[in-house]
Structure formats: C-alpha cells, structure tokens
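Each residue of the sequence shown is one higher than the one before, starting from 16 at the first, in the numbering used here.
Take a look at the structure below.
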Amino acid sequence: MVESEKDKRWANGDGYNRYITKELTSFRKMAWKEQILKHLPKDVPLNILDVGTGAGFFACILSEEGHHVTAIDKSDGMLACAGENAASLVVSPLFLKMDVNQLCFADDSFDIIVTRNVTWTIEHPEEVYANFKRILKPGGKLLIYDANWHKHFFDEALMERVCAREERHLEKYGSSGVVSGNDKEYFLTLPLSNTDRPQWDHLTLSRLGFIVEVEEDIGRWLYEDWEKELYGESPLFEVLAIKPEMSEDKTRVKSYWQKRAASFGFDASDEALNEWKNRINRHLPEGRLKVLDAGTGPGFMAVVFALLGHEVIGVDLCSKMIEQAKANTEQLGLSLTFLCTDAGELPFEDNTFDVVVCRNVIWALTNPVEVLESWRRVLKPGGTLMYFDGNHYYYLFNEDDRKARDAYIARHGLVHDAPVGVDFSEMERAAKSLPLSKEKRPDWDISILPTLGFEVTYIELKSPQDKEKEQDISSTCYYNTFMMVAKKLPDNLDN
Numbered sequence: 016m017v018e019s020e021k022d023k024r025w026a027n028g029d030g031y032n033r034y035i036t037k038e039l040t041s042f043r044k045m046a047w048k049e050q051i052l053k054h055l056p057k058d059v060p061l062n063i064l065d066v067g068t069g070a071g072f073f074a075c076i077l078s079e080e081g082h083h084v085t086a087i088d089k090s091d092g093m094l095a096c097a098g099e100n101a102a103s104l105v106v107s108p109l110f111l112k113m114d115v116n117q118l119c120f121a122d123d124s125f126d127i128i129v130t131r132n133v134t135w136t137i138e139h140p141e142e143v144y145a146n147f148k149r150i151l152k153p154g155g156k157l158l159i160y161d162a163n164w165h166k167h168f169f170d171e172a173l174m175e176r177v178c179a180r181e182e183r184h185l186e187k188y189g190s191s192g193v194v195s196g197n198d199k200e201y202f203l204t205l206p207l208s209n210t211d212r213p214q215w216d217h218l219t220l221s222r223l224g225f226i227v228e229v230e231e232d233i234g235r236w237l238y239e240d241w242e243k244e245l246y247g248e249s250p251l252f253e254v255l256a257i258k259p260e261m262s263e264d265k266t267r268v269k270s271y272w273q274k275r276a277a278s279f280g281f282d283a284s285d286e287a288l289n290e291w292k293n294r295i296n297r298h299l300p301e302g303r304l305k306v307l308d309a310g311t312g313p314g315f316m317a318v319v320f321a322l323l324g325h326e327v328i329g330v331d332l333c334s335k336m337i338e339q340a341k342a343n344t345e346q347l348g349l350s351l352t353f354l355c356t357d358a359g360e361l362p363f364e365d366n367t368f369d370v371v372v373c374r375n376v377i378w379a380l381t382n383p384v385e386v387l388e389s390w391r392r393v394l395k396p397g398g399t400l401m402y403f404d405g406n407h408y409y410y411l412f413n414e415d416d417r418k419a420r421d422a423y424i425a426r427h428g429l430v431h432d433a434p435v436g437v438d439f440s441e442m443e444r445a446a447k448s449l450p451l452s453k454e455k456r457p458d459w460d461i462s463i464l465p466t467l468g469f470e471v472t473y474i475e476l477k478s479p480q481d482k483e484k485e486q487d488i489s490s491t492c493y494y495n496t497f498m499m500v501a502k503k504l505p506d507n508l509d510n
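Now the structure itself:
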C-alpha cells in the first residue's frame, strides 16, 4: 500500500467525528478527564501536546481545564472536525497540520504529551518515542492510550475469540461490529500490529530513559458495555512515561555541544574519507553491516561507514547536532537515519547491530560504564565495538599533561579558536566533574571493557611523543589519543 493510499484512511473525519461528538456529550468526557487529570498537577496551566488529535477530543477537554493545548494531525478533514468541536465548546486549542513522524517543535517544549489510538499507526515507533522525549520538558509526562488492535491477525486462537465476541455483540446489540476484518493489508504494514503491547512500550520507553508505569485495562471504566464485549480481546491500556530531570553535569555538557553544533563540519575530501575508510575497514567482517554511530555529532563516522556500503543509524543527545549531521550528509548526496536520543538510552532491541562506533564521545559521558553496557546490549554476539577517543581534560588532574598543554599554547597559541557564542571555559568547568577526565586512558578502557563482557582485540595509541615526531600541531598533540576495537563476548563468558 503506497503512502497516499494510507493517508486516505484518515482524510475524511466525518465518521470518526460522529463517535467523538457522542463522547463529548456522554459520561466518557468526565471519565477521560479524571483519567488524565490524576497524572497532572492541580491548578497549574500546562503546555500540552495532543498527538494525532483526530476530531479533537483530548484537545477540547484539556482546554476546558485551562491548559494551553497544541493539537496536531496530518488530516485536513480531521482538523476541520476538531475545529468545529472546539468552537462548539468555546475553547481555543492551537490546531496544526503535522505528521507525528516529523515533529517540528523545539527541545523541552511541553509539560505533557497525550495520544490516543495513534501509536499503532506509526511506522517507526522507536524514533517517534525518542522524539517525544526530546520535546518533553525534564519532568514532563507522556500519556499513551492504545491497544493491541490487530494482534489477532497473527494468532489463530485469538482470532477465534475475536470472532466469537463479534457474534455475541451482534446477538446482544443487534448491530455488527467488525474487528476481525478491516483492511488487513494495511495493518500488516505496521510494525506494532504483531507486537505484544504494552510490554513493548514499557521496554522501549525504559530504554530511552523514561520512568514508566502501565495500566493494562482502563477500558473497564472508560468503555460502554458494547465496547467491552467487542474489544475485550484487545484491552485499552495506559502508558505513563516520565522524562527524568537531567543531571546538572549532563545539562552543562548538552548545552555546550548545542552551542558548538553550528560550527561543526568535517573534512569531506576524498583523501580524508579514504584514510578513515582504510583505517576502519581492516577491523570489520565482510558483508553489509548494521552500524550504530553513537554520539554522531556532525555525522562524520556515519558518512564513512555509509560510504563503505553499510546501513547506518546515527544518534546524538543534541538536536542541533542532528540537524548539522543531516545537513552535512545531504550535501554529500547521502540519505541516512539520525535519531535524537542519549547515546546510553537507546530504543533498539537487544542484539540489533553488528558494529557500534563513536568518536570523541566517551570522555564526555557522565555515566560511561552504563553507556558501554547499553552499547553491548544492542550489539549482536561477536559484534564489534570501535571507538576513537583521548585523554581530554586530563591536564586538570595531571601535572605532566598540564605542563604539556601550557607548552603547546606557548608555541602555537590557543588550542582552538572559539566559535561565536561558545565559551570553552564552560566545557572545562563541566569536565572537572566528568568521571573520565581524571582517568589515564586508554589504561582505564583496557581494564574496564573485559569486566563488561568485551574482548579487546586492537589498540592504536598515539602519544604526544609520537605526534611530535610526526610534526603534528593539532589541538590533540599534548595528550594521548587512541583507537580501541573490542568484540562482544557471549554472555556465558562475561566476567
């Protein structure tokens, strides 16, 4: 089914609107208010995003409670109905035409995100959930209401029970309700149709760093009797996911890189790219690999692996870095997937990637061991962890490194020219509390990786002395830089 045909399903809001107008005049209106408002602070107007608003039910009832509601939908027909319903209730939510897969809001925009019977339609739910987290304020809440609407297409016993409920519904209420049919071709194209929910939501949101609570059957007090009969095999669930407050250290680091993003490009010359391709390729198995570029920044490593013919997903905590990475790769004629999420809070299933790669990321982590454990989780057994890093800011704790840095500045001037609006001392202050600033590396890496279930297979170290011989006058010349390659060991060989 092509995209335009899928869109036609939601183009005409009239049929769905009849259901919503009944809700707005029935017990359901107050029941839903109670269900949602119990999770919200009292007497505080909040910024709320209603995703896939349809005919505007959530947008209307939450606006009535004094909240500032932005409601999005990609269907003009649905938005027209939503506007009419809002006008009839004399409320004024902001209705916008927008696709849930392309949320155009700034980071930390909303206190609450609500969505009902929408997430089952999403083609890339992990990416959308990560985007929800990006636009939620720290401490903000995501409320998902949905059900396993189409699981019976993949389970014969469940399908039999669904059909039996349809027959009982017809006998009791004199009208046919169809759950077992309805455009199976469309449902089969959606990844969540054959997924155990809300278990999947709980796991995925937890991996993204949310604090998650689940209520598996809220239809008990929100449904009418006929709905309980017809939809009994697919209970309506509620997922409450809270975005944690970001630690002060992580906030400082993120703020710094957000400011630096605009100045980040990379050398895309054939010479530079070929040098990196050769350096990397000798450590990779043959064949097309699935690669995660963790902390992608401007997308350089993603580009290198893509040019080697691999499938690449790049992630970064900073939305402005993601924007820069997309712009950089588009200029090279590449179409890559980039996702705004913490490098240690990954929405991917276990054993997903053949390679996890990063460059100049681990030193800046507030929780490096937890992040390395997360990378191991998403690596396939025998998969490759490859990273490039250095003893950044070790001079804050080591006298020899401090003297080497001072000597470099005396000979060559400042380590970097600061981009407009960037204060390098900001990162230096943050680095004082980062755990790896005070560790001698790669010694730390060599000792920690085996305890996490990795086997170190290759180390390439460049010391300041090596760089001096090479007449390297880059900003890294006064401290160790290194390349580390490790293999994920089977679980029974851990420790």
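Positions of the beta carbon are idealized from the N, C-alpha and C atoms, including for glycine.
Chain-order list of residues whose beta-carbon lies under 6 Å from that of residue 113 (same chain, five-residue window excluded): 87
Span separating the alpha-carbon of residue 400 from that of residue 309: 11 Å
Helix, strand or coil at residue 105 according to DSSP, with G and I counted as helix: coil
Within 7 Å, strictly: CB atoms of residue 240 and residue 448: no
Three-state secondary structure (DSSP) of residue 34: helix
CB of residue 219 within 7 Å of CB of residue 144, strictly: yes
Beta strand (DSSP E) runs contained entirely in the segment 206-234, provided each spans 3 or more residues: 226-230
Exposure label - residue 121; buried when at least 16 CB within 10 Å: exposed
C-beta contact flag for residue 472 and residue 500 at 7 Å: yes
Length-filtered (3 minimum) beta strand (DSSP E) runs lying within the segment 345-376: 352-355, 368-374
Span of the beta strand (DSSP E), counted from its first residue to its last, around residue 282: That residue, residue 282, is in no beta strand (DSSP E); it is neither H nor E in DSSP.
Top-ranked residue by Cα proximity to residue 213, from 105, 250, 182: 250
Which listed residue (154, 407, 57, 110) has its alpha carbon closest to that of residue 379: 407
Collapsed DSSP secondary structure at residue 86 in the structure displayed: strand
Contact between the segment 221-235 and the segment 244-260 (3+ Cβ pairs under 8 Å): yes
Three-state secondary structure assigned by DSSP to residue 137: coil
Span separating the alpha-carbon of residue 81 from that of residue 60: 6 Å
Pair within 7 Å by beta-carbon distance, residue 311 and residue 331: yes
Exposed unless 16 or more other CB atoms sit within 10 angstroms - verdict on residue 134: buried
Span separating the alpha-carbon of residue 368 from that of residue 464: 18 Å
Where the beta strand (DSSP E) containing residue 4 begins and where it ends: What is shown of the chain runs 16 to 510, which leaves residue 4 out entirely.
Buried or exposed by the 16-neighbour rule on C-beta atoms within 10 Å, applied to residue 468: buried
Contact set for residue 417: own chain, Cβ-Cβ below 6 Å, skip 5 residues either direction: 410
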